[in-house]
Amino acid sequence: MENKTNSSVYPLAMTAVMAAVMAAAAPFSIAIGPIPLSLCTFVIYLTAYVLGWKRGTAATLVYVLMGAVGLPVFSNFGAGLAKVLGPTGGYILGYLPLALIAGLAVERFPRNRQAQFAGLVLGTGVLYAFGTAWYCFQAKAGLGPALMACVVPFLPGDLIKIAGAMALGPVIRDRLARAGFHPQN
(Lines of atoms letter the chains of each structure in order from A; the text may use other names.)
(Lines give C-alpha, C1' and ligand atoms only; values in the text may rest on other atoms or scores of the structure.)
Protein backbone atom coordinates (compact mmCIF):
# COMPACT_ATOMS: atom_id res chain seq x y z
CA MET A 19 0.00 0.00 0.00
CA GLU A 20 1.34 3.43 -0.95
CA ASN A 21 2.08 5.91 1.84
CA LYS A 22 -0.28 8.91 1.64
CA THR A 23 2.63 11.37 1.85
CA ASN A 24 4.34 9.81 -1.17
CA SER A 25 1.23 9.92 -3.31
CA SER A 26 0.58 12.71 -5.78
CA VAL A 27 -2.84 13.20 -4.20
CA TYR A 28 -1.51 14.38 -0.84
CA PRO A 29 0.29 17.54 -2.13
CA LEU A 30 -2.76 18.41 -4.24
CA ALA A 31 -5.00 17.92 -1.22
CA MET A 32 -2.77 20.19 0.88
CA THR A 33 -2.96 22.84 -1.85
CA ALA A 34 -6.75 22.60 -1.84
CA VAL A 35 -6.82 22.74 1.97
CA MET A 36 -4.80 25.97 2.04
CA ALA A 37 -7.05 27.52 -0.64
CA ALA A 38 -10.03 26.53 1.52
CA VAL A 39 -8.42 28.08 4.62
CA MET A 40 -7.98 31.34 2.68
CA ALA A 41 -11.61 31.14 1.56
CA ALA A 42 -12.75 30.55 5.15
CA ALA A 43 -10.63 33.29 6.74
CA ALA A 44 -10.91 36.17 4.26
CA PRO A 45 -14.65 36.90 4.39
CA PHE A 46 -14.48 37.81 8.07
CA SER A 47 -13.04 41.29 7.85
CA ILE A 48 -13.13 44.72 9.39
CA ALA A 49 -13.71 47.77 7.20
CA ILE A 50 -10.88 50.27 7.49
CA GLY A 51 -11.63 52.92 4.92
CA PRO A 52 -11.93 51.57 1.38
CA ILE A 53 -9.80 48.46 2.04
CA PRO A 54 -10.96 45.85 4.56
CA LEU A 55 -8.67 44.19 7.08
CA SER A 56 -8.80 40.41 6.76
CA LEU A 57 -6.72 37.40 7.74
CA CYS A 58 -6.11 36.41 4.13
CA THR A 59 -2.55 37.79 4.10
CA PHE A 60 -1.78 35.86 7.30
CA VAL A 61 -2.98 32.64 5.66
CA ILE A 62 -0.89 33.39 2.57
CA TYR A 63 2.19 33.91 4.77
CA LEU A 64 1.52 30.54 6.43
CA THR A 65 0.93 28.96 3.02
CA ALA A 66 4.46 29.97 2.02
CA TYR A 67 5.76 27.79 4.87
CA VAL A 68 3.35 24.92 4.35
CA LEU A 69 3.44 24.68 0.54
CA GLY A 70 6.37 26.68 -0.80
CA TRP A 71 6.15 29.03 -3.75
CA LYS A 72 4.71 26.81 -6.49
CA ARG A 73 1.88 25.18 -4.57
CA GLY A 74 1.36 28.28 -2.42
CA THR A 75 0.86 30.41 -5.51
CA ALA A 76 -1.42 27.72 -6.95
CA ALA A 77 -3.50 27.67 -3.75
CA THR A 78 -3.77 31.46 -3.89
CA LEU A 79 -4.80 31.34 -7.54
CA VAL A 80 -7.50 28.78 -6.69
CA TYR A 81 -8.76 31.12 -3.94
CA VAL A 82 -8.85 34.11 -6.33
CA LEU A 83 -10.62 32.07 -9.01
CA MET A 84 -13.20 30.80 -6.50
CA GLY A 85 -14.10 34.38 -5.68
CA ALA A 86 -13.98 35.53 -9.31
CA VAL A 87 -16.54 32.91 -10.36
CA GLY A 88 -18.94 33.95 -7.62
CA LEU A 89 -18.18 32.08 -4.41
CA PRO A 90 -18.41 34.54 -1.49
CA VAL A 91 -14.79 34.17 -0.34
CA PHE A 92 -13.57 37.76 -0.47
CA SER A 93 -13.81 40.27 2.38
CA ASN A 94 -17.29 40.78 3.76
CA PHE A 95 -18.39 37.73 1.75
CA GLY A 96 -17.86 39.57 -1.52
CA ALA A 97 -17.58 37.68 -4.80
CA GLY A 98 -17.56 37.98 -8.55
CA LEU A 99 -15.47 39.37 -11.34
CA ALA A 100 -16.75 42.86 -10.59
CA LYS A 101 -15.09 42.64 -7.16
CA VAL A 102 -11.79 41.54 -8.72
CA LEU A 103 -11.95 44.32 -11.29
CA GLY A 104 -13.25 46.95 -8.83
CA PRO A 105 -11.22 49.49 -6.85
CA THR A 106 -9.99 46.94 -4.29
CA GLY A 107 -9.40 44.14 -6.81
CA GLY A 108 -5.75 45.02 -7.22
CA TYR A 109 -5.18 43.84 -3.67
CA ILE A 110 -6.92 40.55 -4.44
CA LEU A 111 -4.75 40.03 -7.52
CA GLY A 112 -1.74 41.23 -5.53
CA TYR A 113 -2.09 38.12 -3.37
CA LEU A 114 -0.51 36.15 -6.22
CA PRO A 115 2.90 37.90 -6.24
CA LEU A 116 2.77 37.94 -2.42
CA ALA A 117 2.41 34.14 -2.38
CA LEU A 118 5.15 33.72 -4.97
CA ILE A 119 7.70 36.03 -3.33
CA ALA A 120 6.99 34.84 0.23
CA GLY A 121 7.15 31.21 -0.86
CA LEU A 122 10.44 31.73 -2.70
CA ALA A 123 11.99 33.37 0.36
CA VAL A 124 10.88 30.54 2.65
CA GLU A 125 12.04 27.83 0.22
CA ARG A 126 15.37 29.42 -0.67
CA PHE A 127 16.23 30.33 2.91
CA PRO A 128 14.61 27.64 5.09
CA ARG A 129 16.68 28.49 8.19
CA ASN A 130 17.49 32.16 7.57
CA ARG A 131 14.86 34.10 9.49
CA GLN A 132 16.09 37.50 8.27
CA ALA A 133 15.79 36.45 4.61
CA GLN A 134 12.33 35.02 5.26
CA PHE A 135 11.27 38.26 6.95
CA ALA A 136 12.65 40.25 4.02
CA GLY A 137 10.76 38.03 1.57
CA LEU A 138 7.47 38.36 3.44
CA VAL A 139 7.91 42.14 3.67
CA LEU A 140 8.92 42.39 -0.01
CA GLY A 141 5.90 40.30 -1.05
CA THR A 142 3.66 42.54 1.04
CA GLY A 143 5.25 45.60 -0.55
CA VAL A 144 4.48 44.25 -4.02
CA LEU A 145 0.91 43.53 -2.87
CA TYR A 146 0.60 47.11 -1.63
CA ALA A 147 2.13 48.55 -4.83
CA PHE A 148 -0.10 46.54 -7.14
CA GLY A 149 -3.23 47.13 -5.09
CA THR A 150 -2.59 50.83 -4.56
CA ALA A 151 -1.80 51.47 -8.24
CA TRP A 152 -5.04 49.70 -9.21
CA TYR A 153 -6.98 51.60 -6.55
CA CYS A 154 -5.60 54.94 -7.80
CA PHE A 155 -6.62 54.06 -11.35
CA GLN A 156 -10.08 52.75 -10.48
CA ALA A 157 -11.01 55.31 -7.84
CA LYS A 158 -9.25 58.18 -9.62
CA ALA A 159 -7.42 58.89 -6.37
CA GLY A 160 -4.05 60.55 -5.91
CA LEU A 161 -1.13 58.49 -4.64
CA GLY A 162 -0.81 60.30 -1.30
CA PRO A 163 -4.44 59.90 -0.27
CA ALA A 164 -4.46 56.30 -1.55
CA LEU A 165 -1.41 55.42 0.53
CA MET A 166 -2.95 57.01 3.61
CA ALA A 167 -6.20 55.09 3.12
CA CYS A 168 -4.98 51.79 1.68
CA VAL A 169 -1.49 51.14 3.06
CA VAL A 170 -0.58 53.10 6.19
CA PRO A 171 -3.42 51.75 8.37
CA PHE A 172 -2.40 48.17 7.48
CA LEU A 173 1.33 48.36 8.21
CA PRO A 174 1.17 47.50 11.94
CA GLY A 175 -1.30 44.66 11.41
CA ASP A 176 0.67 43.15 8.55
CA LEU A 177 3.86 43.26 10.62
CA ILE A 178 1.99 41.40 13.38
CA LYS A 179 0.70 38.87 10.84
CA ILE A 180 4.23 38.39 9.48
CA ALA A 181 5.58 37.83 13.00
CA GLY A 182 2.80 35.33 13.74
CA ALA A 183 3.39 33.44 10.51
CA MET A 184 7.13 33.38 11.15
CA ALA A 185 6.47 31.89 14.58
CA LEU A 186 3.90 29.29 13.46
CA GLY A 187 5.03 28.59 9.90
CA PRO A 188 8.33 26.84 10.64
CA VAL A 189 6.68 24.70 13.33
CA ILE A 190 3.95 23.58 10.93
CA ARG A 191 6.47 23.05 8.13
CA ASP A 192 8.77 20.96 10.34
CA ARG A 193 5.90 18.82 11.58
CA LEU A 194 4.71 18.21 8.04
CA ALA A 195 8.28 17.33 7.00
CA ARG A 196 8.54 14.82 9.85
CA ALA A 197 5.29 13.33 8.60
CA GLY A 198 6.87 12.94 5.17
CA PHE A 199 5.33 15.89 3.33
CA HIS A 200 7.69 18.32 1.63
CA PRO A 201 6.20 21.29 -0.26
CA GLN A 202 8.39 20.83 -3.32
CA ASN A 203 7.03 17.28 -3.84
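Each residue of the sequence shown is one higher than the last, beginning at 19 in my numbering.
Quick reminder that beta carbons are idealized off the backbone N, C-alpha and C, glycines included.
What you are looking at is a predicted structure, and each value in this text was computed from that prediction instead of being measured.
{"Check": "Is A38 closer than 8 Å to F92 when the C-beta atoms are compared?", "Outcome": "no"}
{"Check": "Report the three-state DSSP secondary structure of A164 (helix, strand or coil).", "Outcome": "helix"}
{"Check": "Near F89, which residues of its chain fall below 8 Å by C-beta distance, leaving aside the five closest residues on each side in sequence?", "Outcome": "A small correction: the amino acid at residue 89 is Leu; Phe does not occupy that position in the sequence shown. A41 and A97, listed in sequence order."}
{"Check": "When DSSP labels each residue in this structure, what does N203 get in the three-state scheme?", "Outcome": "Bear in mind that the predicted position of N203 carries a pLDDT of just 49, short of 50, making it unreliable; the figure below should be weighed with that in mind. Three-state DSSP puts N203 in coil, outside helix and strand."}
{"Check": "Could you check the C-alpha separation between R193 and F155 for me, to the nearest Å?", "Outcome": "44 Å"}
{"Check": "With a cut-off of 8 Å on the beta carbons, I'd call P115 and G137 a contact; round off their distance for me.", "Outcome": "P115 to G137, Cβ: 12 Å. No contact."}
{"Check": "Quick check: does the Cβ of I119 come within less than 7 Å of any heavy atom belonging to the ligand ATP?", "Outcome": "The ligand ATP is not part of the structure shown, which contains no ligands of any sort."}
{"Check": "Pull up the distance between the alpha-carbon of F204 and that of R196, whole angstroms please.", "Outcome": "Outside the displayed span of the chain (19 to 203) sits residue 204, for which this structure offers no information."}
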